[in-house]
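Input: a single structure, listed below in structure tokens.
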Amino acid sequence: MNTLVWIVLPYLCLAVFAAGHVWRWRRDQFGWTTHTSQLLENRLLRLGSPLFHLGAFGVIGGHAMGLLVPSWVTEAAGISEHLYHVTAVWGGTITGVALVTGLALLIARRFVSGRVRRVTTTMDKVLYAALAAMVTLGMVSTVGVNLLGDGYDYRETIAVWFRGIFWLRPEPELMSGAPLVYQLHALGGFLFLALWPFTRLVHVWSAPLAYLWRPYVVYRRRRGGVPTPPPVPAEVRDRALPAVSGRR
Amino acid sequence: MRIRAQVAMVMNLDKCIGCHTCSVTCKQTWTNREGTEYVWFNNVETKPGIGYPKHYEDQDRWHGGWKLDGKGRLTLRSGGRIKRLTRLFANPDLPSIDDYYEPATFDKDILVNAPAGLTDTPVKRPHSALTGEPMAVQWGPNWEDGLGGTHEIGAQDPNLARMPAEAAAKVRFEFEKTFMFHLPRICEHCLNPACVSACPSGAMYKREEDGIVLVDQDRCRGWRMCVSACPYKKVYVNHATGKAEKCTFCFPRIEAGQPTICSETCVGRLRYLGIVLYDEDAVLAAASVPDERDLLDAQRAVFLDPADPAVQEAAREAGMPEDWLRAALTSPVWRLISEYKIALPLHPEYRTLPMVWYVPPLSPVLDAVGAAGRDDTDADDVFHTIRELRIPVEYLAELFSAGDADVVAGVLMKLAAMRSYMRARTLDGTVAGELLDGIGMTAEQVEAMYRLLAIAKYDERYVIPVAHSKDAAALEAQAAAQPDCSLDCAGGPGMHETAATVTRFHLVDGDEVHPGRAGLSARRSDGRLGLTVNPVRGAS
Numbered sequence: 001m002n003t004l005v006w007i008v009l010p011y012l013c014l015a016v017f018a019a020g021h022v023w024r025w026r027r028d029q030f031g032w033t034t035h036t037s038q039l040l041e042n043r044l045l046r047l048g049s050p051l052f053h054l055g056a057f058g059v060i061g062g063h064a065m066g067l068l069v070p071s072w073v074t075e076a077a078g079i080s081e082h083l084y085h086v087t088a089v090w091g092g093t094i095t096g097v098a099l100v101t102g103l104a105l106l107i108a109r110r111f112v113s114g115r116v117r118r119v120t121t122t123m124d125k126v127l128y129a130a131l132a133a134m135v136t137l138g139m140v141s142t143v144g145v146n147l148l149g150d151g152y153d154y155r156e157t158i159a160v161w162f163r164g165i166f167w168l169r170p171e172p173e174l175m176s177g178a179p180l181v182y183q184l185h186a187l188g189g190f191l192f193l194a195l196w197p198f199t200r201l202v203h204v205w206s207a208p209l210a211y212l213w214r215p216y217v218v219y220r221r222r223r224g225g226v227p228t229p230p231p232v233p234a235e236v237r238d239r240a241l242p243a244v245s246g247r248r
Numbered sequence: 001m002r003i004r005a006q007v008a009m010v011m012n013l014d015k016c017i018g019c020h021t022c023s024v025t026c027k028q029t030w031t032n033r034e035g036t037e038y039v040w041f042n043n044v045e046t047k048p049g050i051g052y053p054k055h056y057e058d059q060d061r062w063h064g065g066w067k068l069d070g071k072g073r074l075t076l077r078s079g080g081r082i083k084r085l086t087r088l089f090a091n092p093d094l095p096s097i098d099d100y101y102e103p104a105t106f107d108k109d110i111l112v113n114a115p116a117g118l119t120d121t122p123v124k125r126p127h128s129a130l131t132g133e134p135m136a137v138q139w140g141p142n143w144e145d146g147l148g149g150t151h152e153i154g155a156q157d158p159n160l161a162r163m164p165a166e167a168a169a170k171v172r173f174e175f176e177k178t179f180m181f182h183l184p185r186i187c188e189h190c191l192n193p194a195c196v197s198a199c200p201s202g203a204m205y206k207r208e209e210d211g212i213v214l215v216d217q218d219r220c221r222g223w224r225m226c227v228s229a230c231p232y233k234k235v236y237v238n239h240a241t242g243k244a245e246k247c248t249f250c251f252p253r254i255e256a257g258q259p260t261i262c263s264e265t266c267v268g269r270l271r272y273l274g275i276v277l278y279d280e281d282a283v284l285a286a287a288s289v290p291d292e293r294d295l296l297d298a299q300r301a302v303f304l305d306p307a308d309p310a311v312q313e314a315a316r317e318a319g320m321p322e323d324w325l326r327a328a329l330t331s332p333v334w335r336l337i338s339e340y341k342i343a344l345p346l347h348p349e350y351r352t353l354p355m356v357w358y359v360p361p362l363s364p365v366l367d368a369v370g371a372a373g374r375d376d377t378d379a380d381d382v383f384h385t386i387r388e389l390r391i392p393v394e395y396l397a398e399l400f401s402a403g404d405a406d407v408v409a410g411v412l413m414k415l416a417a418m419r420s421y422m423r424a425r426t427l428d429g430t431v432a433g434e435l436l437d438g439i440g441m442t443a444e445q446v447e448a449m450y451r452l453l454a455i456a457k458y459d460e461r462y463v464i465p466v467a468h469s470k471d472a473a474a475l476e477a478q479a480a481a482q483p484d485c486s487l488d489c490a491g492g493p494g495m496h497e498t499a500a501t502v503t504r505f506h507l508v509d510g511d512e513v514h515p516g517r518a519g520l521s522a523r524r525s526d527g528r529l530g531l532t533v534n535p536v537r538g539a540s
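Chains as they are written, first to last, in full-length UniProt numbering: chain B, 1 to 248; chain R, 1 to 540.
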């Protein structure tokens, strides 16, 4: 059971994450978009979207800090356990609240505005449900366990297990002792990654940073372009007609 | 010098009767799809008026186009690159659907299926094409046509606010006092496009061969910066696909040497299409001239004289085909813009160097001359009256010359002089020499201009060289191979191959319009398309 949940499932999810993106990129460039609905509803989005996105940046950064940076690195850098804990909890709470507020507003506008409700796809609903579940679990573990509760040092267990997956040395026993919220959040995180390539979240990988360096006006040459005198339209049409009738 | 060719258009507003044939044929060709109900690549507006989307010319509000920064450098009005990226999450300058209009559809079933012998007449009601709910139609792509509401909102026209107050006071909106003219608008296919410059993903581009500005549908990621950056508001969000779409200048037709669909079907024969040679390296400097009123001449100076042997030589060196050079020589657009100098760009002060130019409307002048008890063949009388029109020259100047009334007056005088000259020549057999002197044109020039404007032969209005590409024949064959549609078929030119996630361009039997999205229309038992809304109770 431990092996299945804490080794097989993460690797499976990562495989789906990678293969899903390759598949989507190759097959569905046209669907690779933010799928903006600002045109249809602006009042709630104007507040909710920046809150959600900035909150998400903070939360992602926090996860990177907590999961990828081993505790001996921060100790070597002279950051005390207490200082780290305070930063992590408060940083996590603030960005988390921004994320929750933003997400709530974004979900609300899907219900409040009939125009937006109409363009909401099934995949959007799945994504919103998954996001809501993940954010709730995350907030419970940050605020409920670490801020108000006794606290749990995930850096010695979850973070080590997480890094182990990428070093190809997974240690499932580290996870079995973690509190249930943390277990669910970690599992959910991997499932969320597996869902990622099939949602509008793919727009994250198209963050247009190259815009900062490219020239303003983009010129492009039409593909092909060998100068040959083309036949007159009627000629082409007459030539194409037998082919059309043959196909019918 | 980097020499390029641009397919450009001139519209003679004097002849536009506002019949909307261009809008309708364009809509049928390009935007008759879900997600683009509110989109008009070509729309005809009534001026004075606030237009579509509402107040689009008010750049203090929408921040479209370019401006010069404190150091005199050209920057987008909506801010620099970093500022734009910080606004990706919510674009504060994006018009909402209500600024365009909420698209409506009607349930005609209630008329068709009305039982015989009703004592009251069945009435079809508008339903929102976005939600299916009953709605009141409150705006459209030309709501102000026939002076609809102009007496109430016409005064909000942003051009009036910029005019000198005494001239603005001359614009009347009351019925019987007012005067209006029509302004057909398509994408300007600018030399210095703000939309392309604002596109974060680099999906928008200007074609090197013919200058047509397009959106790469596969690369567009829906950041919607192009929509707000375009001062003409001619880039739209398709709310079904989440991608930007815009006027394509009917490039599949242009490549085959045919005029755009709006030009082809223009009843008034007021559109002219041709190529203009220009120097790409001169574009930035021209768009950056400090005084807005110098922009017109600066843009004209970017264009290259196709009759100049040095230009021809440079063009050949750059690999331009001979028939393109010949087309440039006979281009009606070049003649109207640079030879007769009667065509003017729409809002040159946006600094985008637009490539759809307009011959300003003259219609009321000769009537006004008569009404003032003057002689319409007398040069002085005509020229005087031009300054006293119901649509003040200052208003046209706000549209076409960054407020320089002398430029517009000069164009109107040329047009008035041409009419008077031709009238004298045809009716009396006399040559009104003083009219020609007044406008500084020769008799040959005036008669050639008259032929181009008034006779307006098809072959002279549209001088479009075919694309030099092995694709051209293939594109034609592809279009011809589709028996029921030419351009907007699935996989057709410029359109994306129909994939599972993509809106189809035609409704076909059994098609759901968009996955995950309840279709507003559905195939009925008799095979026709009907609404899925219940006309009495709203959504069924």
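Backbone N, C-alpha and C fix where the C-beta goes; we use that ideal spot for every residue, glycine too. The structure displayed is predicted, hence computed values, not measured ones.
Measure the CB-CB distance between tyrosine 450/R and methionine 422/R and report whether it falls below 7 Å.
-> Stepping through the second sequence from its first residue, residue 450/R is reached at position 450. Stepping through the second sequence from its first residue, residue 422/R is reached at position 422. Cβ atoms of tyrosine 450/R and methionine 422/R: closer than 7 Å.
Identify whether phenylalanine 106/R lies in helix, strand or coil by the three-state DSSP scheme.
-> Walking along the second sequence from the start, residue 106/R turns up at place 106. Note: phenylalanine 106/R maps to strand in three-state DSSP.
Compare the C-alpha of cysteine 13/B against each of Val202/B, Arg239/B, Leu187/B and Ile94/B and name the closest.
-> For this step, residue 13/B is matched to residue 13 along the first sequence. Residue Leu187/B is the option with its Cα nearest to cysteine 13/B.
Listed in chain order, which residues of the segment 14–39 of chain B have Cβ atoms closer than 7 Å to some Cβ of chain R?
-> Asp28, Gln29, Phe30, Gly31, Trp32, Thr33, Thr34, His35, Thr36, Ser37, Gln38 and Leu39
Contact set between the segment 200–216 of chain R and chain D, restricted to residues whose Cβ is under 7 Å from the partner = You won't find chain D in this structure, because its protein chains are B and R.
Taking glutamate 45/R as part of the beta strand (DSSP E), name the residues at either end of that continuous run.
-> Taking the second sequence and counting its residues from 1, the one referred to as residue 45/R is at position 45. 43–47 is the span of the beta strand (DSSP E), which, as asked, contains glutamate 45/R.
Under 7 Å, do valine 408/R and leucine 396/R count as touching if we go by C-beta distance?
-> Translated into positions along the second sequence, residue 408/R becomes position 408. Translated into positions along the second sequence, residue 396/R becomes position 396. Yes.
With DSSP as the reference, label glutamine 6/R as helix, strand or coil.
-> As a first step, residue 6/R is located in the second sequence; it is residue number 6 there, counting from the start. In the structure shown, glutamine 6/R sits in a strand (DSSP, three-state: E or B).
Rounded to whole angstroms, what's the CA-CA distance from alanine 285/R to alanine 88/B? Just pull it up for me.
-> Along the second sequence, one-based indexing puts residue 285/R at 285. Along the first sequence, one-based indexing puts residue 88/B at 88. Distance between the alpha carbons of alanine 285/R and alanine 88/B: 52 Å.
How about leucine 47/B and leucine 106/B: are their beta carbons less than 7 Å apart?
-> Along the first sequence, read from residue 1 onward, the residue named residue 47/B stands at position 47. Along the first sequence, read from residue 1 onward, the residue named residue 106/B stands at position 106. Result no, Cβ atoms of leucine 47/B and leucine 106/B do not sit closer than 7 Å.
For glycine 64/R versus cysteine 187/R, is the C-beta spacing smaller than 7 Å?
-> Here residue 64/R refers to the residue found at position 64 of the second sequence. Here residue 187/R refers to the residue found at position 187 of the second sequence. Cβ distance not < 7 Å, so glycine 64/R and cysteine 187/R don't count as in contact.
is_contact[serine 331/R, chain B] using C-beta, thresh 7 Å = For the purposes of this step, residue 331/R is identified with residue 331 of the second sequence, where counting begins at 1. Closer than 7 Å: no.
Quick one: which chain R residues come within Cβ less than 8 Å of leucine 212/B?
-> As a working mapping, residue 212/B is identified with position 212 in the first sequence. Under the 8 Å cutoff, chain R gives Arg81, Ile82 and Leu85.
Does any CB atom of chain B fall closer than 7 Å to the CB of lysine 246/R?
-> Taking the first residue of the second sequence as 1, we reach residue 246/R at position 246. It does not; no Cβ of chain B falls within 7 Å.
Within chain B, partners of asparagine 91/R - CB distance below 8 Å = Residue numbering aside, residue 91/R sits at position 91 when the second sequence is read from its first letter. Going along chain B in sequence order, the residues near asparagine 91/R (Cβ under 8 Å) are Gln38.
Give the straight-line distance between the Cα atoms of leucine 160/R and valine 44/R, rounded to the nearest whole angstrom.
-> Walking along the second sequence from the start, residue 160/R turns up at place 160. Walking along the second sequence from the start, residue 44/R turns up at place 44. Leucine 160/R and valine 44/R: Cα-Cα distance of roughly 19 Å.
What residues in the segment 94–106 of chain R have a beta carbon less than 7 Å from any beta carbon of chain B?
-> Leu94, Ser96 and Ile97
Under 8 Å Cβ to Cβ from glycine 222/R, same chain only, skipping five residues before and after it: list those, please.
-> Taking the second sequence and counting its residues from 1, the one referred to as residue 222/R is at position 222. Closer than 8 Å at the Cβ level, and outside the excluded window around glycine 222/R, lie Val237, Gly242, Lys243 and Ala244.
Buried versus exposed call for serine 37/B [16 or more other C-beta atoms within 10 Å across all chains shown] = Residue numbering aside, residue 37/B sits at position 37 when the first sequence is read from its first letter. It is buried - the Cβ of serine 37/B has at least 16 other Cβ atoms within 10 Å.
Under a CB-based cut-off of 7 Å, is glycine 51/R close to chain B?
-> Stepping through the second sequence from its first residue, residue 51/R is reached at position 51. No - not a single Cβ of chain B is within 7 Å of the one on glycine 51/R.
So with Cβ pairs under 7 Å, would you call aspartate 69/R a contact of chain B?
-> The sequence position of residue 69/R within the second sequence is 69, counting from 1. Cβ-Cβ to chain B under 7 Å: no for aspartate 69/R.
Is histidine 63/R close to chain B, meaning its C-beta is less than 7 Å from at least one C-beta of that chain?
-> Here residue 63/R refers to the residue found at position 63 of the second sequence. No - not a single Cβ of chain B is within 7 Å of the one on histidine 63/R.
Proximity of leucine 76/R and alanine 194/R at Cβ, strictly below 7 Å = As a working mapping, residue 76/R is identified with position 76 in the second sequence. As a working mapping, residue 194/R is identified with position 194 in the second sequence. A contact, by the Cβ cut-off of 7 Å.
What does glycine 58/B touch in chain R if you count any residue whose Cβ is under 9 Å from its own?
-> Mapped onto the first sequence, residue 58/B falls at position 58. Under the 9 Å cutoff, chain R gives no residues; its nearest Cβ is about 14 Å from glycine 58/B.
Buried versus exposed, by CB contacts within 10 Å (16 or more), alanine 256/R = Stepping through the second sequence from its first residue, residue 256/R is reached at position 256. Looking at its Cβ environment, which holds 16 or more other Cβ atoms inside 10 Å, alanine 256/R is buried.
Whole-angstrom distance between aspartate 238/B and glycine 246/B, CA atom to CA atom | The residue labelled residue 246/B in the question sits at position 246 within the first sequence. The residue labelled residue 238/B in the question sits at position 238 within the first sequence. Residue confidence for glycine 246/B is low, a pLDDT of 48 falling below 50, so the modelled location carries little weight; the figure read from the coordinates is stated next. Rounded to the nearest angstrom, the two C-alpha atoms are 13 Å apart.
For isoleucine 342/R and leucine 277/R, believed in contact at Cβ under 8 Å, the rounded distance | In the second sequence, residue 277/R corresponds to position 277, counting from 1. In the second sequence, residue 342/R corresponds to position 342, counting from 1. Incorrect: roughly 20 Å between the Cβ atoms, too far for contact.
Pull up the distance between the alpha-carbon of valine 119/B and that of serine 128/R, whole angstroms please.
-> As a first step, residue 119/B must be located in the first sequence, where it is residue number 119. As a first step, residue 128/R must be located in the second sequence, where it is residue number 128. Cα to Cα, valine 119/B sits roughly 14 Å from serine 128/R.
Under 7 Å by beta carbon: chain B residues contacting glycine 242/R = Position 242 of the second sequence holds residue 242/R. Simply Thr33, Thr34, His35 and Thr36.
Where aspartate 93/R and tryptophan 62/R are concerned, what is the direct C-alpha to C-alpha distance, given to the nearest angstrom?
-> In the second sequence, counting from the first residue as 1, residue 93/R sits at position 93. In the second sequence, counting from the first residue as 1, residue 62/R sits at position 62. If you take the alpha carbons of aspartate 93/R and tryptophan 62/R, they lie about 5 Å apart.
Under 8 Å by beta carbon: chain R residues contacting asparagine 42/B = Translated into the one-based positions of the first sequence, residue 42/B becomes position 42. Neighbours of asparagine 42/B on chain R, chain order: Ala90, Leu94 and Ser96.
How many Å lie between leucine 137/B and glutamine 183/B at the Cα?
-> Translated into the one-based positions of the first sequence, residue 137/B becomes position 137. Translated into the one-based positions of the first sequence, residue 183/B becomes position 183. Between leucine 137/B and glutamine 183/B, the C-alpha separation is close to 10 Å.
Going by the C-beta, is alanine 5/R closer than 6 Å to any heavy atom of the ligand HEM?
-> This structure does not include the ligand HEM; it has no bound ligands of any sort.
What is the residue span of the alpha helix (DSSP H) that histidine 127/R lies within?
-> Here residue 127/R refers to the residue found at position 127 of the second sequence. Looking at the DSSP string, histidine 127/R is not in any alpha helix (DSSP H); the run it does join, the beta strand (DSSP E), is 126–128.
Taking Cβ positions only, does leucine 45/B come closer than 7 Å to chain R?
-> Taking the first residue of the first sequence as 1, we reach residue 45/B at position 45. Taking Cβ atoms only, chain R reaches closer than 7 Å to leucine 45/B, which makes this a yes.
Is there at least one Cβ from chain B nearer than 7 Å to leucine 125/R's Cβ?
-> By one-based count along the second sequence, residue 125/R stands at place 125. Correcting the residue identity first, residue 125/R is arginine in this sequence and not leucine. False, the Cβ-Cβ gap to chain B never drops below 7 Å.
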